[in-house]
Amino acid sequence: MRRLVRILPAEDWRQAPILHADIRDAGIRRIVATLRYAVSDRIDTKLPRLRVPTLLIRGAHDRIAPGSWLDRAAALVPGARTLVIEGAAHNAVTTAGPELAAAVDAFLACQQRTDR
């Protein structure tokens, strides 16, 4: 809980209605169970098995996945690329959607060109 209190100020408060709806719809028990699973999930054991083009993305103000974590994760995936979205925190999907979509589009276009 202390970690959550520490990271929330970096997040965009426009997300509050989305978070509220998620908690309301799923229920607090499900939210807590999901957070526990997310924290205990050993993604570092799974990343080295990826054999597909991989783009790892974080927001520049992300306190959940700091830059050092992104670098370590990318080192585990052969050929992984990374992207930091300026001005975004952890939930870049909702706070920097257009920038995120443009980055993914560019990444996928590059993959299509190299597949030919």
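Residue 21 in full-length UniProt numbering is what sits at position 21 of the sequence shown, and the numbering runs on without skipping anything.
Ideal Cβ placement from N, Cα and C applies to all residues, glycine included.
Close Cβ partners of residue 49 (< 7 Å) along its chain, the five nearest in sequence each way excluded: Here residue 49 refers to the residue found at position 49 when the sequence shown is read from its first residue. Closer than 7 Å at Cβ, skipping near neighbours: no residue.
With 16 other Cβ atoms within 10 Å as the buried cut-off, status of residue 104: Along the sequence shown, read from residue 1 onward, the residue named residue 104 stands at position 104. Residue 104 should be labelled exposed.
Simplified DSSP assignment, three categories, for residue 57: As a first step, residue 57 must be located in the sequence shown, where it is residue number 57. It is a strand residue.
Close beta carbons around residue 76, own chain, < 7 Å, minus the five adjacent residues each side: As a first step, residue 76 must be located in the sequence shown, where it is residue number 76. Same-chain partners within the cutoff: 44, 47 and 48.
Span separating the alpha-carbon of residue 72 from that of residue 16: Start at 1 with the first residue of the sequence shown, and residue 72 comes out as number 72. Start at 1 with the first residue of the sequence shown, and residue 16 comes out as number 16. For residue 72 and residue 16, the gap between their C-alpha atoms comes out near 30 Å.
Selected residue, minimal CA-CA separation from residue 38, among 20, 83, 64 and 74: Translated into positions along the sequence shown, residue 38 becomes position 38. Selected option, being the one with the closest Cα: 64.
Reduced DSSP category for residue 77 - H, G, I as helix; E, B as strand; rest coil: As a position in the sequence shown, residue 77 is number 77, starting the count at 1. In the structure shown, residue 77 sits in coil (DSSP, three-state: anything other than H, G, I, E or B).
Whether residue 89 touches residue 95 by CB criterion (8 Å): Position 89 of the sequence shown, counting from 1, holds the residue named residue 89. Position 95 of the sequence shown, counting from 1, holds the residue named residue 95. A contact, by the Cβ cut-off of 8 Å.
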